[in-house]
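S.K.:
Residue numbers (full-length UniProt numbering): 1 to 185.
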């Protein structure tokens, strides 16, 4: 169902069509045309006439009651007329404090400590392997080895740029190396 009053007011105006009226107002065709369908209300929840309808009423030189039936204008309403009245204003955004503004440039202490511990553990591991311990010997009689840990993976850890090593894997290999060093010791 279409709003016949609205369609007739546009047809009788100097614009003659919705597309010319929309172009004149700088609104989209769909926005202007959507009010021709019954159901879209010209007044918002606060009882204020919507900006686009206020502009349409001004361009067509008619009142809201001339364009819409009373059942669509179901509450007392008011038209914003000036900038002081809130016309054309948007709610001001309050600046939010960004989460990263106060962060120091250096890595956090815990992360730095983890990196230092990992490097020390890898240096200790290299020391065991340089003294003649083979990665494959770690897994002989080892029933409690973590899943995914094998001699090849341990061998990769000795490269100049080792891959990411899970902490539990590194701890297990170091524990086994220390046990074997104590037995041979």
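Where is the CB? At the ideal position from N, CA and C, for every residue including glycine. Note that the coordinates shown come from a computational prediction; the quantities given were computed from them, not determined experimentally.
Can you name the start and end residues of the alpha helix (DSSP H) that residue 31 belongs to?
M.R.: Unbroken alpha helix (DSSP H) run through residue 31: 29–34.
S.K.: Taking its Cβ as the centre, do 16 or more other Cβ atoms sit within 10 Å of residue 140, making it buried, or is it exposed?
M.R.: That one is exposed.
S.K.: Consult DSSP for residue 2 and reduce its assignment to one of helix, strand or coil.
M.R.: Residue 2 falls in the strand class under three-state DSSP.
S.K.: Using the Cβ count rule (16 or more neighbours within 10 Å means buried), how would you classify residue 176?
M.R.: So residue 176 ends up on the buried side.
S.K.: Tell me, which residues are paired with residue 78 by DSSP?
M.R.: BP columns for residue 78 point to 48.
S.K.: What residues match up with residue 43 in a beta bridge as DSSP calls it?
M.R.: Its beta-bridge partners are 49.
S.K.: Whole angstroms are fine: how far does the CA of residue 135 sit from the CA of residue 151?
M.R.: Distance between the alpha carbons of residue 151 and residue 135 is about 5 angstroms.
S.K.: Please list the terminal residues of the continuous alpha helix (DSSP H) segment that includes residue 133.
M.R.: Segment: none, residue 133 is in no alpha helix (DSSP H) and carries neither H nor E.
S.K.: Should residue 34 and residue 41 be called a contact, given that it needs their Cβ atoms to be closer than 7 angstroms?
M.R.: Cβ atoms of residue 34 and residue 41: not closer than 7 angstroms.
S.K.: For the alpha helix (DSSP H) that contains residue 22, what are its first and last residues?
M.R.: Residues 18–25.
S.K.: Mind checking who residue 37 pairs with in its DSSP beta bridge?
M.R.: 2, per the DSSP bridge assignment.
S.K.: Excluding five sequence neighbours on each side, which residues of the same chain lie with their C-beta closer than 6 angstroms to the C-beta of residue 54?
M.R.: If we look at residue 54 and ignore the five residues flanking it on each side, its Cβ neighbours are 79.
S.K.: In whole angstroms, what is the alpha-carbon distance linking residue 15 and residue 46?
M.R.: Each residue's Cα considered, the two are about 31 angstroms apart.
S.K.: Taking the continuous alpha helix (DSSP H) assigned at residue 164, which residues delimit it?
M.R.: Segment: none, residue 164 is in no alpha helix (DSSP H) and carries neither H nor E.
S.K.: Can you have a look at residue 6 and say buried or exposed, based on whether 16 or more other CB atoms are within 10 angstroms of its CB?
M.R.: Buried is the call here.
S.K.: With DSSP as the reference, label residue 150 as helix, strand or coil.
M.R.: Coil.
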